[in-house]
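Student:
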Amino acid sequence: IAVELAFEGRVKDEVFSCSDTYAVGAAATDVKLNDFRLYIHDVRLHRADGEKVPLTLEQDGKWQLENIVLLDFEDKSGSCANGTQETNGRVLGTVPAGEYDGLSFKLGVPFARNHGDASVAPSPLNLTGLFWSWNHGYKFLRIDSVPEQGGDPFIIHVGSTGCVAGDGGEVTACDRPNVAEIVFEGIDPLATKVLVDYGALVADTDVSANAGGTPGCMSDATDPDCPPLFTHLGIDVTDGSPRPEQQSFFRIE
Numbered sequence: 001i002a003v004e005l006a007f008e009g010r011v012k013d014e015v016f017s018c019s020d021t022y023a024v025g026a027a028a029t030d031v032k033l034n035d036f037r038l039y040i041h042d043v044r045l046h047r048a049d050g051e052k053v054p055l056t057l058e059q060d061g062k063w064q065l066e067n068i069v070l071l072d073f074e075d076k077s078g079s080c081a082n083g084t085q086e087t088n089g090r091v092l093g094t095v096p097a098g099e100y101d102g103l104s105f106k107l108g109v110p111f112a113r114n115h116g117d118a119s120v121a122p123s124p125l126n127l128t129g130l131f132w133s134w135n136h137g138y139k140f141l142r143i144d145s146v147p148e149q150g151g152d153p154f155i156i157h158v159g160s161t162g163c164v165a166g167d168g169g170e171v172t173a174c175d176r177p178n179v180a181e182i183v184f185e186g187i188d189p190l191a192t193k194v195l196v197d198y199g200a201l202v203a204d205t206d207v208s209a210n211a212g213g214t215p216g217c218m219s220d221a222t223d224p225d226c227p228p229l230f231t232h233l234g235i236d237v238t239d240g241s242p243r244p245e246q247q248s249f250f251r252i253e
């Protein structure tokens with residue numbers, strides 16, 4: 001059967017827009033967002049018997065590649081000048097007919113695809129703005145905000161860290177994968193919308209201040225801005241392993 005899963009960028013209860021200002025974080029700071037993009041992969045629908053059936057993605061040459069999807073909620077308007085005009089909040093594919101009562105997916109790019117060359121990669125892995133050249137891997141999540149009253153931006157770039165290159169220069173392992181697993185049970189995945197909520201992500205963070213290191217969080221486990229964000233993402237900040245039970249960034253409408 002054909003499947004269309006819907007995802008929507010949110011800031012708390014509001015649909016995200018590049019034109020709007022939002023009061024977010026522990027200090028209710030007024031901010032505008034200038035990026036809101038993320039990669040997900042390994043989308044599965046769950047049967048009542050516990051089987052998790054992979055969604056075979058439509059290979060559209062743009063948003064979906066193999067089992068990877070780029071979700072893009074910015075439209076290059078307003079404060080989002082560095083983005084792209086086109087947006088994507090859909091995941092399209094097929095699964096065998098049947099009854100499904102759950103949904104799971106991972107926030108990130110699979111290891112085999114994460115350490116290529118973005119300048120020659122097929123879409124949607126060809127966006128250099130979502131690639132860390134210094135870290136030889138993708139930014140799985142990029143949400144950048146700027147306080148209305150001025151000051152440093154608060155940048156959230158999540159990706160694998162502690163990556164080690166082998167003799168040939170290829171990355172062979174990463175100490176902290178930082179791939180989140182999101183699991184929803186007891187829902188109809190074909191009739192629900194997944195909300196991706198920046199407000200929930202920064203609920204315990206003062207986005208008007210830099211607690212140390214780079215402004216915001218670049219996935220450095222020693223950056224004091226990262227632990228509360230990683231908690232809401234459902235990632236263990238010390239080893240980069242998934243903690244799906246604690247994530248609040250994604251929710252079902």
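Taking UniProt numbering, the leading residue of the sequence shown gets 1, the next gets one more, and so forth.
All residues carry an ideal CB built from backbone N, CA and C; glycine is no exception.
Quick one: what's Thr29 bridged to in DSSP?
Tutor: Looking at the DSSP assignment, Thr29 forms a beta bridge with Val24.
Student: DSSP three-state call for Ala191: helix, strand or coil?
Tutor: Residue state, collapsed to three classes: coil.
Student: Let me check understanding here. Comparing Cα to Cα, which of Gln64, Asp20, Leu55 and Val69 lies closest to Tyr39?
Tutor: Nearest C-alpha to Tyr39: Val69.
Student: For Val207, which of Pro96, Arg37, Asp42 and Gly151 has the nearest alpha-carbon?
Tutor: Comparing Cα positions, the closest option is Gly151.
Student: Is it right to say Gly216 is buried, meaning 16 or more other beta carbons lie within 10 angstroms of its own, or is it exposed?
Tutor: Flag for Gly216 reads buried.
Student: Would you tell me roughly how many angstroms separate the C-alpha atoms of Leu195 and Cys163, rounded to the nearest one?
Tutor: For Leu195 and Cys163, the distance between alpha carbons rounds to 31 Å.
Student: Along the chain, where does the beta strand (DSSP E) that runs through Cys174 open and close?
Tutor: Residues Val171 to Arg176.
Student: Out of Gly83, Asp75, Pro242 and Leu92, which has the shortest C-alpha to C-alpha gap to Trp63?
Tutor: Selected option, being the one with the closest Cα: Leu92.
Student: For Asn114, I'd like the list of residues in its chain whose CB is within less than 7 Å of its CB, leaving aside the five on either flank, ordered along the chain.
Tutor: These residues qualify, in order along the chain: Gly137, Tyr138 and Ser160.
Student: Could you give the C-beta distance for Glu253 and Thr172, rounded to a whole number, given that I count them as a contact under 8 Å?
Tutor: Rounded, the Cβ-Cβ distance is 41 Å, inconsistent with contact.
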